[in-house]
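In this note's numbering, the protein residues as written are 1402 to 1683.
C-beta: ideal position from N, C-alpha, C; glycine also.
Written out below as structure tokens is the structure these notes cover.
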């Protein structure tokens, strides 16, 4: 049941002493997180909406203040690099393929290379290589277990030689050891910053819309390691409505670039705040 439907159900029971406690619980269930749910509940209690429609309007306005649509633009005639980050299973590799298709179809990049930096999963490199063959972009990879920093270094060298304008770089997402993950990412970051201009380098966190409130903790860890540029939300076709995106926006003020919503290579669209909020509160 959508958040909007739950709000209607809540209002249909009347506003009594327990109403705003129940409202807070409903907002938490929508993956907005306990802090944001409490803030919204307090705000609505002050304004005393009489109907669910009034409440939805107030909530939509409040949530809209935490969301920003970002644009991934390239510095033309120069090499740009988008480093995709995130835990295992969020869809980083398939998102790279979708981004590649988007930039190729819209003629936004004069040459594109992908770096298979997730060297800990052989399937990730193989999957990316297959997409490269099908879509016509170069993929730089290594043997399974290789140094991801070396893969990205080689991808930069290859892209510079080919005069490509964009590198899409994959990374491993192991979270069982935070220190190890952070150290690996910092090493990769150092390699990139030594060869790519800061304004041409974006560090993008991929978030699974089904993850729930744990997505905020993931964002905090990756942001602490690399100071993220923005977010891509995946698996938006699921029953989850992406409320975790709002919690991340509130705490970290990161823009959202794209949303992916299916298995097809073309299932990627630029983030639209109004559409997202309408879906969340329908």
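#1: Taking contact to mean 3 or more Cβ pairs, one atom from each stretch, closer than 8 Å, check whether the region 1652–1662 and the region 1627–1634 are in contact.
#2: Does the distance from the C-beta atom of residue 1453 to that of residue 1411 stay below 9 Å?
#3: Just the Cα atoms here: how many angstroms apart are residue 1477 and residue 1602?
#4: By the three-class DSSP mapping on this structure, what secondary structure does residue 1491 have?
#5: Could you pull out every residue in the same chain whose Cβ sits closer than 8 Å to the Cβ of residue 1650, ignoring the five residues on either side in sequence?
#6: For the alpha helix (DSSP H) containing residue 1507, list its first residue and its last residue.
#7: Does DSSP put residue 1631 in a helix, in a strand, or in coil?
#8: Where do the ends of the alpha helix (DSSP H) carrying residue 1555 lie?
#9: Terminal residues of the continuous alpha helix (DSSP H) containing residue 1582?
#10: Going by C-alpha distance, which of 1614, 1619, 1596, 1600 is nearest residue 1607?
#11: Could you tell me whether the region 1552–1561 touches the region 1528–1538, using the rule of 3 or more Cβ pairs below 8 Å?
#12: With DSSP as the reference, identify every bridge partner of residue 1609, one or two as the case may be.
#13: Starting from residue 1423, follow its DSSP beta bridges and name the residues at the other end.
#14: Which same chain residues end up closer than 7 Å to residue 1510 when comparing Cβ atoms and leaving out the 5 residues on each side of it in sequence?
#15: Do the CB positions of residue 1488 and residue 1574 come within less than 9 Å of each other?
#16: Could you spell out where the beta strand (DSSP E) holding residue 1486 opens and where it closes?
#17: Does the separation of the CB atoms of residue 1625 and residue 1652 fall below 9 Å?
#18: Since I believe residue 1549 is in contact with residue 1595 (beta carbons under 8 Å), could you give me their beta-carbon distance rounded to a whole number of angstroms?
#19: Roughly how many whole angstroms lie between the Cα atoms of residue 1428 and residue 1541?
#20: Enumerate in chain order the residues of its own chain whose CB-to-CB distance from residue 1448 is below 7 Å, with the five nearest sequence positions on each side excluded.
Per the coordinate set shown:
#1: The region 1652–1662 vs the region 1627–1634: in contact.
#2: Cβ distance < 9 Å, so residue 1453 and residue 1411 count as in contact.
#3: Per the coordinates, the alpha-carbon of residue 1477 lies some 13 Å from the alpha-carbon of residue 1602.
#4: coil
#5: 1467, 1468, 1469, 1657
#6: Taken as a continuous stretch (DSSP letters only), residue 1507 belongs to no alpha helix (DSSP H), as it is neither H nor E.
#7: strand
#8: Its alpha helix (DSSP H) spans residues 1549–1563.
#9: 1579–1594
#10: 1619
#11: Taking a cut-off of 8 Å for Cβ pairs, the region 1552–1561 and the region 1528–1538 do not touch, as fewer than three such pairs fall below it.
#12: Bridge partners of residue 1609: 1635.
#13: Per DSSP, none; premise fails for residue 1423.
#14: 1475, 1504, 1566, 1567
#15: yes
#16: 1481–1486
#17: No, these two residues do not count as a Cβ contact at 9 Å.
#18: Their Cβ separation, rounded to whole angstroms, is 15 Å, which puts residue 1595 and residue 1549 out of contact at 8 Å.
#19: 44 Å
#20: 1459
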